[in-house]
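Colleague: Pasting a structure below so you can have a look.
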Amino acid sequence: AQSVAQPEDQVNVAEGNPLTVKCTYSVSGNPYLFWYVQYPNRGLQFLLKYITGDNLVKGSYGFEAEFNKSQTSFHLKKPSALVSDSALYFCAVRDNLGDYKLSFGAGTTVTVRA
Amino acid sequence: DGGITQSPKYLFRKEGQNVTLSCEQNLNHDAMYWYRQDPGQGLRLIYYSQIVNDFQKGDIAEGYSVSREKKESFPLTVTSAQKNPTAFYLCASGQGYYEQYFGPGTRLTVT
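These protein sequences, in sequence, are chains B and U. Heads up, the first sequence is in this note's numbering, so the first residue is 1 and it goes up one at a time. Heads up, the second sequence is in this note's numbering, so the first residue is 115 and it goes up one at a time.
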């Protein structure tokens, strides 16, 4: 079984401040972890992934995420947020044992104020 | 120009009518997926197909049907048996255990 939790429905930050969106996961085997962003009335855009290797993963638009196996977390971070980062963010996971299905978190709405 | 296309962007139907949503990909991906998104909720998997001529039910398959006759195409039919069909429908494709790529979505409204 696999599941994802995004404990915060909303995150509010000021432009220029660091942004963190939290994600914890549960899988039976080894995790494959993903972050996506969704703008209103649009599809999801892939930001970054962790498959194996370095625990710090860098992705699109200046985002990065840190894989922490002991805490089963994969938090998304951006050192300096932009107003244009305001969107809905989804964390997703699959394990390496079953089929190709992804399990998504409920999403976190990020608002960056000018 | 590679990607996933979904049509139409907006769709309106009367209750009791079946409706088919189109999804096409030119990424040469083996797997394709259909998700439903409701306000304030995450994505819920309706059906998925890991190879042509094969598909499996997801978490909320009741009232939906699919076909996968071609690698590029994975149409979703929302039948009259689906009790609450109004939603935003997202199609995705992927290769193996790696990331999925999403289409722009179809917003279905049933009245």
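Note that CB positions come from ideal geometry on N, CA and C, so glycine has one too.
Would you call the stretch 131-147 of chain U and the stretch 189-206 of chain U touching, i.e. three or more CB-CB distances under 8 Å?
Modeller: yes
Colleague: Can you pull the chain B neighbours of proline 218 of chain U, defined as C-beta to C-beta under 9 Å?
Modeller: Going along chain B in sequence order, the residues near proline 218 of chain U (Cβ under 9 Å) are Asn41, Arg42 and Gly43.
Colleague: Any beta-carbon of chain B closer than 9 Å to the one on alanine 201 of chain U?
Modeller: no
Colleague: Taking all protein chains shown into account, do 16 or more other C-beta atoms lie within 10 angstroms of the C-beta of tyrosine 124 of chain U, making it buried, or fewer, making it exposed?
Modeller: exposed
Colleague: Along the chain, where does the beta strand (DSSP E) containing valine 93 of chain B start, and where does it finish?
Modeller: 87-95
Colleague: Kindly give me the distance between the Cβ atoms of serine 28 of chain B and leucine 97 of chain B, rounded to whole angstroms, as I take these residues to be in contact under 8 Å.
Modeller: 6 Å
Colleague: With DSSP as the reference, label serine 60 of chain B as helix, strand or coil.
Modeller: Here serine 60 of chain B sits in helix by DSSP.
Colleague: Determine the direct distance from the alpha carbon of glycine 156 of chain U to that of threonine 108 of chain B, and round the result to whole angstroms.
Modeller: 10 Å
Colleague: Assuming tyrosine 89 of chain B and valine 21 of chain B make a contact with CB atoms under 8 Å, what is their CB distance in whole Å?
Modeller: 5 Å
Colleague: Is the distance from the Cβ of isoleucine 165 of chain U to the Cβ of leucine 190 of chain U below 9 Å?
Modeller: no
Colleague: Could you spell out where the beta strand (DSSP E) holding phenylalanine 46 of chain B opens and where it closes?
Modeller: Where phenylalanine 46 of chain B is concerned, the enclosing beta strand (DSSP E) stretches over 44-50.
Colleague: Can you say whether threonine 134 of chain U is buried or exposed, counting buried as having 16 or more other CB atoms within 10 angstroms of its CB?
Modeller: exposed
Colleague: Is the separation between the beta-carbon of cysteine 137 of chain U and that of glutamine 151 of chain U shorter than 9 Å?
Modeller: no
Colleague: Looking at C-alpha atoms only, which residue of B:Asp85, B:Pro79, B:Lys49 and B:Tyr25 is the closest neighbour of valine 112 of chain B?
Modeller: B:Asp85
Colleague: Would you mind reading off the limits of the beta strand (DSSP E) that contains asparagine 144 of chain U?
Modeller: A small fix is needed here, since residue 144 of chain U is aspartate in this sequence, not asparagine. Unbroken run through aspartate 144 of chain U: none, as it is neither H nor E.
Colleague: Just checking: is the beta-carbon of phenylalanine 34 of chain B within a distance shorter than 9 Å of some beta-carbon in chain U?
Modeller: yes
Colleague: Among B:Leu76, B:Ser70, B:Gln71 and B:Thr72, which has the Cα closest to the Cα of glutamate 64 of chain B?
Modeller: Ranking the options by Cα distance to glutamate 64 of chain B, first place goes to B:Leu76.
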